[in-house]
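2 protein chains.
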Amino acid sequence: MTIRVLIADDQELVRTGFQMILDAQQDIDVVGTVANGADAVEAARRLRPDVCLLDIRMPKLDGIEVTRILAGPGVENPMRVVIVTTFDLDEYVYGALRSGATGFLLKDSGPTLLIEAVRAAAAGDALVSPSVTVRLLQHLAQPAVGAVRSLNDPLTERELDVVRLVARGRTNQEVAAELFVSLSTVKTHLGSIQVKLGARNRVEIAAWAWESGVVS
Amino acid sequence: MTIRVLIADDQELVRTGFQMILDAQQDIDVVGTVANGADAVEAARRLRPDVCLLDIRMPKLDGIEVTRILAGPGVENPMRVVIVTTFDLDEYVYGALRSGATGFLLKDSGPTLLIEAVRAAAAGDALVSPSVTVRLLQHLAQPAVGAVRSLNDPLTERELDVVRLVARGRTNQEVAAELFVSLSTVKTHLGSIQVKLGARNRVEIAAWAWESGVVS
DNA sequence: ATCGCCATCAGCCGATCGGCCGATCTCTCG
DNA sequence: CGAGAGATCGGCCGATCGGCTGATGGCGAT
Numbered sequence: 001m002t003i004r005v006l007i008a009d010d011q012e013l014v015r016t017g018f019q020m021i022l023d024a025q026q027d028i029d030v031v032g033t034v035a036n037g038a039d040a041v042e043a044a045r046r047l048r049p050d051v052c053l054l055d056i057r058m059p060k061l062d063g064i065e066v067t068r069i070l071a072g073p074g075v076e077n078p079m080r081v082v083i084v085t086t087f088d089l090d091e092y093v094y095g096a097l098r099s100g101a102t103g104f105l106l107k108d109s110g111p112t113l114l115i116e117a118v119r120a121a122a123a124g125d126a127l128v129s130p131s132v133t134v135r136l137l138q139h140l141a142q143p144a145v146g147a148v149r150s151l152n153d154p155l156t157e158r159e160l161d162v163v164r165l166v167a168r169g170r171t172n173q174e175v176a177a178e179l180f181v182s183l184s185t186v187k188t189h190l191g192s193i194q195v196k197l198g199a200r201n202r203v204e205i206a207a208w209a210w211e212s213g214v215v216s
Numbered sequence: 217m218t219i220r221v222l223i224a225d226d227q228e229l230v231r232t233g234f235q236m237i238l239d240a241q242q243d244i245d246v247v248g249t250v251a252n253g254a255d256a257v258e259a260a261r262r263l264r265p266d267v268c269l270l271d272i273r274m275p276k277l278d279g280i281e282v283t284r285i286l287a288g289p290g291v292e293n294p295m296r297v298v299i300v301t302t303f304d305l306d307e308y309v310y311g312a313l314r315s316g317a318t319g320f321l322l323k324d325s326g327p328t329l330l331i332e333a334v335r336a337a338a339a340g341d342a343l344v345s346p347s348v349t350v351r352l353l354q355h356l357a358q359p360a361v362g363a364v365r366s367l368n369d370p371l372t373e374r375e376l377d378v379v380r381l382v383a384r385g386r387t388n389q390e391v392a393a394e395l396f397v398s399l400s401t402v403k404t405h406l407g408s409i410q411v412k413l414g415a416r417n418r419v420e421i422a423a424w425a426w427e428s429g430v431v432s
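As structure tokens, this is what we get:
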């Protein structure tokens, strides 16, 4: 049972390179190559490959749009999509994975990982480039405790109480009421928090709280 | 520059198997093998390998404990740790990654991924078994697209631009500047956003954005 | 071509926030 | 005991935000 693969990339060199790498595997068969997003959608629907390799940067439709169309939420018979890109910007990663991609590869990953990513996708699994994974894990892995301690001037327990409420959208009045203190106290705490975090306003405090996992 | 690896596993067959696979690579050198967690800690400190391959199930100290000791938060000179296990239970994964592991492999992953995981770890990256990754991504993937559409009155593209900037702590002035519109326009958008989301202030907008994955 | 949606802009005003000064009380640590 | 840190409170004031009302132009659908 060979894995049928569609390659979509606007650079000819990349297309042929990938094709040579993949066709050299006995269990993988490249059934089509296209150079833009619109063709990718059409070819994917016609050829029904097991795995689609999509570049992010493509004319007409970018890889993320194509992913949404072929594998996004609400699509019946979603296809397996592996995103391949030169850029590892975070928004690409999240956008791709949220759109339904089951793989995310940087072009500098080497042929081995390309092959493994295709096999994983065909099996319904997902392989993500190690250099990207390490950042994904940081978001997921070491919440709260680490973030609070990593400040050169850590927040006190009471300040954390304030942070958590602010991050959920409470006004100073509401925070005061919920913590049974006066408005002044809340403002004092907020002042210290801003200094410690280097935040310019309460929304930056909230953003820090969400990013660091202090709230979730 | 060869990658120096320490293998810790209580099963002799696994140890020798891994050793054969890794030693066959020119760039990888197995510098030690141990059969329990306590020895792993000792050997890691003495040999200072570039990468430690740790089984989860080991006598004395399990792999996660060892990871915490060698690479956990607050450890200076943390080591690179790849967890290897037969079981892919979620608690193991989260426990391992939270403890500082930079890789998570199932024993059925095949030699290729083992080698790539070691190389990735040595480079400071992280490789996670595809079958595990796919579940990690499901935690990450769902929201966003869904969240925006699940509103009975969805946000427009422009409103999303505003949301994203607000969620990162920008003031209205700054949002206006970054989007090349006037302050009035930003305020108008914010008004509509608040109505649509049922938010009472900008921090609740930000909280929604973080929760739903519109920003991350 | 008229209607509705979207994006754009303006001004006004009260509420909230952010920055600044100050203060008292408690607790811990040396 | 004295020093320092943390939590508590008050007042003042300018900046920002939130709510309102209203207006213009583009663009697609009926």
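Chains as they are written, first to last, in our numbering: chain E, 1 to 216; chain V, 217 to 432. From the three backbone atoms N, C-alpha and C, an ideal C-beta is built for every residue, glycine too.
- For the 8 Å CB-CB criterion, residue 172 (chain E) and residue 183 (chain E) form a contact.
- When rounded, the separation of the alpha-carbon atoms in residue 251 (chain V) and residue 228 (chain V) is 8 Å.
- Boundaries of the alpha helix (DSSP H) harbouring residue 162 (chain E): 157-167, taken from the DSSP string.
- Approximately 11 Å separates the beta-carbon atoms of residue 167 (chain E) and residue 383 (chain V); this is outside 8 Å, ruling out the contact.
- If you check each beta-carbon in the stretch 376-389 of chain V against every beta-carbon of chain E, the ones closer than 9 Å belong to 382, 383, 384, 385, 386, 387.
- Pairing residue 425 (chain V) with residue 380 (chain V) gives a Cβ-Cβ distance under 8 Å.
- The residue among V:260, V:403, V:351 with its C-alpha nearest the C-alpha of residue 97 (chain E) is V:351.
- Annotation: residue 189 (chain E) to residue 153 (chain E) spans about 14 Å, alpha carbon to alpha carbon.
- Residue 80 (chain E) sits buried, since 16 or more C-beta atoms from the chains shown fall within 10 Å of its C-beta.
- With respect to residue 214 (chain E), residue 186 (chain E) sits apart: the two C-beta atoms are not nearer than 8 Å.
- Taking C-beta atoms under 8 Å as the contact rule, residue 86 (chain E) and residue 107 (chain E) qualify, at a distance of about 5 Å.
- Secondary structure at residue 29 (chain E): strand, using DSSP grouped into helix, strand and coil.
- Against chain V, the beta carbon of residue 92 (chain E) has no neighbour under 8 Å; the closest one sits roughly 12 Å away.
- Contact annotation for residue 80 (chain E) against chain V: no contact, minimum CB-CB distance about 10 Å [criterion: below 9 Å].
- Between the alpha carbons of residue 413 (chain V) and residue 421 (chain V) lies a gap of roughly 7 Å.
- Between residue 72 (chain E) and residue 58 (chain E), the CB-CB gap reaches or exceeds 8 Å.
- Runs of the beta strand (DSSP E) spanning 3 or more residues and lying entirely within the stretch 223-308 of chain V occur at 244-250, 267-271, 296-301, in chain order.
- Residue 4 (chain E) carries a strand assignment under DSSP once its states are collapsed to helix, strand and coil.
- Within the stretch 310-328 of chain V, contact with chain E at the beta-carbon level (separation under 7 Å) is assigned to 313, 314, 318, 328.
- The DSSP-derived three-state label of residue 319 (chain V) is strand.
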